[in-house]
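Only one structure is covered here, and it is reproduced in the block below.
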Ligand SMILES: *Cc1c(COP(=O)(O)O)cnc(C)c1O
């Protein structure tokens, strides 16, 4: 069958967890598996992550999928509950909630629950997306202490905005502010996302929250996964479905936006934006064919894209093509396209089958 497959290497996943433990040996790992484990398959990934200490997701549906799939470790809802009808579901399924706005604090005070809930207070130290403002954190902590619906003590967390930039002073400022806010508190702490794990050891607290590093992608804007000892988990592959001559002066694909400057061979690759390969990928985006990098030429269409194989190529219909993963880091492809690897791996469509190795 000639169609795109995402090969998911569970050995690489386990290697990356071991590597993360090496980097942050004193911290417990909360594996971030939101958005279908960044496109890698929620249950398969969570089931393979035997040695992590907890999981984090963004939606209650994701947490329930984990529970019905037999995952028993703690699960944190990173954005907390969205409405009070979710609270009994959290109680019944032992799902932890974050609390990031006053409204959630109040709702949790008013609720009548069978048993208390595990709470992570999310404090805004500079991201300014979610989180309690610094001047209200003391009061929020105190309200949680007096709330019988909360398992004591509540845990304390914050999230970085710029930790992928090694020289950005914002990150140390966030760490310092967090330390001020939690001074004297006994609740467990969590700051680090993947970039924090890799580049900001001062952010390794009782808990780290790695996402993208689990999947073997560098979280830093100026380094590749390999430099951090990480291995790509997803390799997106498909096949060549045509190889043909293109004469000098002939153009290719919709709009004819690319014209051959000399005679060459074009390979037609069975993947397109219908599979989640970005239509915006410009000329020159790298693709791996039989072990060598060749450029995308012309527009990516729904089911296909074209690459310039060169005049001397020996590639044949049926040969394997790698779009990213082993031998071609997703972060390199993402750079060409003007996005991040997170988006590439998360946006694959239903048409791409996940194949576990
Ligand atoms: C998504 C997310 C993470 C994981 O981020 P990575 O950069 O993938 O490691 C950690 N913490 C929070 C709050 C998140 O939303």
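Residue numbers (our numbering): 137 to 493.
Beta carbons are placed, not taken as given, at the ideal position from N, Cα and C, and that holds for glycine.
Of the residues the options, the one placed nearest residue i, counting alpha carbons only
i           : options               : result
residue 399 : 406, 410, 407 and 386 : 386
residue 381 : 232, 390, 395 and 369 : 395
residue 421 : 260, 479, 459 and 390 : 459
residue 190 : 329, 404, 171 and 212 : 212
residue 342 : 352, 322, 269 and 354 : 322
residue 350 : 140, 145, 141 and 139 : 145
residue 105 : 357, 454, 230 and 281 : Examination of residue 105 is not possible in this model, given that the chain is present from 137 through 493 alone.
residue 473 : 163, 276, 355 and 436 : 436
residue 492 : 205, 162 and 177      : 177
residue 240 : 271, 277, 209 and 391 : 277
residue 404 : 423, 414 and 412      : 423
residue 259 : 417, 388 and 313      : 313
residue 348 : 256, 337 and 300      : 300
residue 275 : 215, 209, 317 and 324 : 317
residue 354 : 204, 464 and 285      : 464
residue 207 : 194, 229 and 220      : 229
residue 147 : 360, 441 and 352      : 352
residue 408 : 194, 168 and 457      : 457
residue 266 : 200, 478, 295 and 157 : 295
residue 264 : 358, 357 and 236      : 236
residue 194 : 233, 319 and 440      : 233
residue 164 : 370, 479 and 326      : 326
residue 360 : 439, 320, 373 and 462 : 462
residue 304 : 358, 373, 291 and 143 : 358
residue 188 : 268, 162 and 297      : 162
residue 440 : 324, 373, 268 and 273 : 373
residue 242 : 262, 200, 209 and 220 : 220
residue 168 : 158, 205, 215 and 159 : 215
residue 289 : 320, 158, 388 and 417 : 320
residue 371 : 413, 291, 158 and 338 : 413
residue 273 : 159, 293 and 356      : 293
residue 238 : 268, 443, 180 and 286 : 268
residue 356 : 201, 478, 174 and 271 : 478
residue 315 : 209, 280 and 270      : 270
residue 369 : 159, 174 and 160      : 174
residue 291 : 285, 262, 209 and 324 : 324
Coil, strand or helix - residue i by DSSP
i           : result
residue 391 : helix
residue 436 : coil
residue 444 : strand
residue 160 : coil
residue 222 : helix
residue 478 : helix
residue 472 : helix
residue 130 : It is not possible to answer for residue 130, since the shown part of the chain is limited to 137 through 493.
residue 453 : coil
residue 421 : coil
residue 459 : strand
residue 140 : coil
residue 415 : coil
residue 236 : coil
residue 146 : helix
residue 493 : coil
Proximal residues to residue i (C-beta, below 8 Å), its chain only, five neighbours per side dropped
i           : result
residue 447 : 398, 399, 400 and 401
residue 383 : 396 and 399
residue 196 : 213, 217, 218, 222, 225, 226 and 231
residue 451 : 376, 379, 401, 403, 425, 426 and 445
residue 476 : 467 and 470
residue 279 : 241 and 245
Close beta carbons around residue i, own chain, < 6 Å, minus the five adjacent residues each side
i           : result
residue 302 : 335
residue 419 : 394 and 433
residue 166 : 190, 192, 343 and 345
residue 469 : 460
residue 411 : 140, 485, 487 and 488
residue 490 : 142, 144 and 177
residue 415 : 409 and 436
Residues of its chain near residue i, where Cβ-Cβ distance is below 7 Å and the 5 sequence neighbours each way are ignored
i           : result
residue 198 : 170 and 178
residue 390 : 435 and 437
residue 155 : 365 and 366
residue 203 : 229
residue 283 : 244 and 245
residue 298 : 304, 306 and 307
Of all the alpha helix (DSSP H) runs that stay within the bounds of the region 243 to 319, which reach a length of 4 or more residues? 270 to 281 and 306 to 318
Is there contact here, the region 364 to 372 with the region 182 to 196, by at least three beta-carbon pairs under 8 Å? no
For the pair the region 304 to 311 and the region 247 to 256, tell me if three or more CB-CB distances fall below 8 Å. The region 247 to 256 and the region 304 to 311 do not touch, with fewer than three beta-carbon pairs separated by less than 8 Å.
Give, in chain order, every unbroken run of the alpha helix (DSSP H) that is at least 4 residues long and sits entirely within the region 168 to 219. 170 to 175, 178 to 184 and 196 to 204
Whole beta strand (DSSP E) elements within the region 326 to 410, 3-residue minimum: 370 to 382 and 400 to 405
Check whether the region 320 to 336 and the region 138 to 153 are in contact - that is, three or more C-beta pairs closer than 8 Å. At 8 Å Cβ cutoff, the stretches do not touch.
Touching by the beta-carbon criterion (3+ pairs, under 8 Å), the region 426 to 436 and the region 477 to 485: Contact between the region 426 to 436 and the region 477 to 485 is absent, because fewer than three Cβ pairs lie under 8 Å.
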